[in-house]
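Data first, discussion second: the structure below is written as structure tokens.
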Ligand code: AMP
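Residue numbers (the working numbering): 3 to 500.
Quick look at the structure:
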């Protein structure tokens, strides 16, 4: 069996890998590291969760041992589609590069230019960027790309989805033709293959898992629910409680950011240890929420696809799909958050009568039928009578609302607390003397503005806007309460790297 010491990595790198507790390289690492060390171009087809990051970080560290950085002339450049992914790559450099004295600069949106300028001035060995912020620095005349020896284009299919390809092409043109290029994508449709052909010279192709296959280590179940959100919330609570013994931590996915906020508030009121991530939260709040979850301060994390895409949370025991995703490839991405690096995981998806066509598409894509947990949709009890229906019948006034509430109290005992006015939500209660962190983003929901905020990058390309809106806008009104204001007590671990 191949071990890390067979791959040609330097002693400094090997000792950091040993300290990280890894002995056996994953298939993408075994396949990509040796040719990368020979300065060959790589076309890697691998999803997050396969050990892909180390497959480029480890050879880069070894190659960087020769030579040193000059001011404003980075030696290597890594392009990532999102700030979170960029920050995760930076963390990998810290972990595996602890025996090196390298300058790592993270250039992402939402962070001041001055701080980033200072790092560049000192000379960066490794520059990790989202494309727009890098171009901003180039336009300010603060960066010279002519010294870049290695270019990494990570998550190319996501870059395409998000409309970043024109930016990548501009960046690639600034870098000498003699560079080494490492190109990674989870899938390889024709459009991505064309890009790879343009960026790479005689690459070594390393493919580790068929695109769209689901990890064998994940136990998947579908769970029938009635359509209304309050009924789905009750089903979800029962599921979480039923899994209590095995549940270490879980990500719960919703399709829209409004539902992320609603579900977060509901679970919080029901006493669960829960946080939330959605596209309207500012960068600092997102990073801090994530590190609270990673450190085990929060057990559950409610998230939208946009906010959670590509996050590296190594040992999530459970994934719950509160909503079945509309795009079946999102199902694969979501359940890929669990069962990573050979661990076992469980994925439960709520399915209502409205979701059957999405379920069919998912089962077609993954090539298997998913088992029902407690019987299919025909086994469901009658829907609970909804508070909303009652309210519509009786009018919308506050008194009617209160009366309807009183009358329905017993019937709705399951969900009684979730229908309180927003003002009663714990997320809006502020402990005395604590300051609040105000989100940068308010209520402008135009796709262009939305993406500028989330990716910190230019959004001056119509094609990009269209593409982004298609996959990356967790549509719906901006959430109130938690959406705009994060209480300071939720942000206690403020070690965001950005
Ligand atoms: P990635 O695909 O880069 O997001 O990595 C997924 C997870 O696998 C990360 O938490 C890594 O720390 C972990 N990992 C990376 N390499 C190995 C390895 N050789 N053995 C076990 N786990 C690994």
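We put the CB at the ideal spot given by N, CA and C, even for glycine.
Exercise. Whole alpha helix (DSSP H) runs in the segment 231-274 with 4 or more residues, listed along the chain?
Worked result: Fully enclosed alpha helix (DSSP H) runs of no fewer than 4 residues occupy 231-244, 259-271 of the segment 231-274, in order along the chain.
Exercise. Beta carbon of residue 55: closer than 7 Å to some heavy atom of the ligand AMP?
Worked result: yes
Problem set entry | 8 Å contact criterion, which residue 60 and residue 35 should meet: CB distance rounded | The beta-carbon distance between residue 60 and residue 35, rounded to whole angstroms, is 6 Å. This is short enough to meet the 8 Å contact definition.
Problem set entry | Inter-residue spacing [alpha-carbon to alpha-carbon] between residue 357 and residue 331 | 15 Å
For this session: Report all residues from its chain with a CB closer than 8 Å to the CB of residue 16; omit the five preceding and five following residues, and keep chain order.
Result: Excluding residues within five positions, the ones whose Cβ falls inside 8 Å are 6, 7.
Exercise. How big is the Cα-Cα spacing for residue 236 and residue 365?
Worked result: 25 Å
For this session: Tell me the start and end of each unbroken alpha helix (DSSP H) in the segment 79-165 that is at least 4 residues and wholly inside, in chain order.
Result: 85-98, 115-124, 133-141, 158-163
Exercise. For residue 150 versus residue 104, is the C-beta distance shorter than 8 Å?
Worked result: The Cβ-Cβ distance between residue 150 and residue 104 does not fall below 8 Å.
For this session: Using 10 angstroms around the beta-carbon of residue 33, count the other beta-carbons present and answer buried if the total reaches 16, otherwise exposed.
Result: buried
Problem set entry | Cα-Cα separation between residue 435 and residue 194, rounded to whole angstroms | With a pLDDT of 30 at residue 435, under the threshold of 50, the predicted position of this residue should be treated as unreliable, though the coordinate-derived value follows. Answer to the nearest angstrom: the Cα atoms are 52 Å apart.
For this session: List the endpoints of the continuous beta strand (DSSP E) containing residue 285.
Result: That residue, residue 285, is in no beta strand (DSSP E); its alpha helix (DSSP H) goes 285-296.
Problem set entry | Cβ distance (whole Å) where residue 154 is taken to contact residue 29 below 8 Å | Not quite, the Cβ-Cβ distance comes to about 19 Å (not below 8 Å), so this is no contact.
For this session: Tell me whether residue 51 counts as near the ligand ZN, meaning its Cβ is closer than 7 Å to at least one heavy atom of that ligand.
Result: The model depicted lacks the ligand ZN and carries the ligand AMP instead.
Exercise. Is residue 64 helix, strand or coil by DSSP?
Worked result: helix
Exercise. Relative to the alpha-carbon of residue 20, which residue among 84, 52, 100, 86 has its alpha-carbon at the smallest distance?
Worked result: Here the closest residue by C-alpha is 100.
Exercise. Would you call residue 243 buried or exposed, if buried means 16 or more other Cβ atoms sit within 10 Å of its Cβ?
Worked result: Answer is exposed; the Cβ neighbour count stays below 16.
Problem set entry | Distance cut-off 7 Å: residue 27 Cβ against heavy atoms of the ligand AMP | yes
Exercise. In whole angstroms, what is the alpha-carbon distance linking residue 129 and residue 108?
Worked result: 6 Å
For this session: Since I believe residue 318 is in contact with residue 336 (beta carbons under 8 Å), could you give me their beta-carbon distance rounded to a whole number of angstroms?
Result: Taking a contact as a CB-CB distance under 8 Å, the pair residue 336 and residue 318 does not count as one, their CB atoms being some 11 Å apart.
Exercise. Span of the alpha helix (DSSP H) holding residue 203?
Worked result: Element bounds for residue 203: n/a, residue is neither H nor E.
Problem set entry | For residue 178 and residue 148, believed in contact at Cβ under 8 Å, the rounded distance | 6 Å
For this session: Examine the ligand AMP and report whether any of its heavy atoms sits within less than 7 Å of the Cβ of residue 203.
Result: Flag unset: Cβ of residue 203 not near the ligand AMP.
Problem set entry | Same chain, Cβ closer than 7 Å to residue 13, neighbours up to 5 away in sequence not counted | none
Problem set entry | Neighbour-count burial assignment, residue 381, 16 or more Cβ in a 10 Å radius | exposed
For this session: Closer than 6 Å by C-beta to residue 121: which residues in its own chain qualify, once you throw out the five before and the five after it? Chain order, please.
Result: 107
Exercise. Taking 7 Å as the line, does the beta carbon of residue 98 fall inside it for any heavy atom of the ligand AMP?
Worked result: no
Exercise. By how many angstroms is the C-alpha of residue 98 removed from the C-alpha of residue 292?
Worked result: 21 Å
Problem set entry | Three or more C-beta pairs below 8 Å linking the segment 135-145 and the segment 44-57 | no
Exercise. Thinking C-alpha only, which one of 119, 373, 328 is nearest residue 74?
Worked result: 119
For this session: Find out if the Cβ-Cβ distance for the pair residue 224, residue 351 is shorter than 8 Å.
Result: For the pair residue 224 and residue 351, the CB atoms are nearer than the 8 Å cut-off.
Exercise. Which one of 360, 307, 102, 363 has the shortest CA to CA distance from residue 70?
Worked result: 102
Problem set entry | C-alpha gap between residue 321 and residue 273, whole angstroms | 19 Å
Exercise. When you compare only the Cα positions, how much space is there between residue 250 and residue 83?
Worked result: 29 Å
For this session: Return the CA-CA distance between residue 93 and residue 166, expressed in angstroms with no decimal places.
Result: 23 Å
For this session: My understanding is that residue 126 touches residue 110, with C-beta atoms under 8 Å, so please give their C-beta distance in whole angstroms.
Result: With 8 Å as the limit, residue 126 and residue 110 do not qualify as a contact, their Cβ atoms being about 14 Å apart.
Exercise. What are the boundary residues of the beta strand (DSSP E) that includes residue 349?
Worked result: Here the beta strand (DSSP E) through residue 349 covers 347-353.
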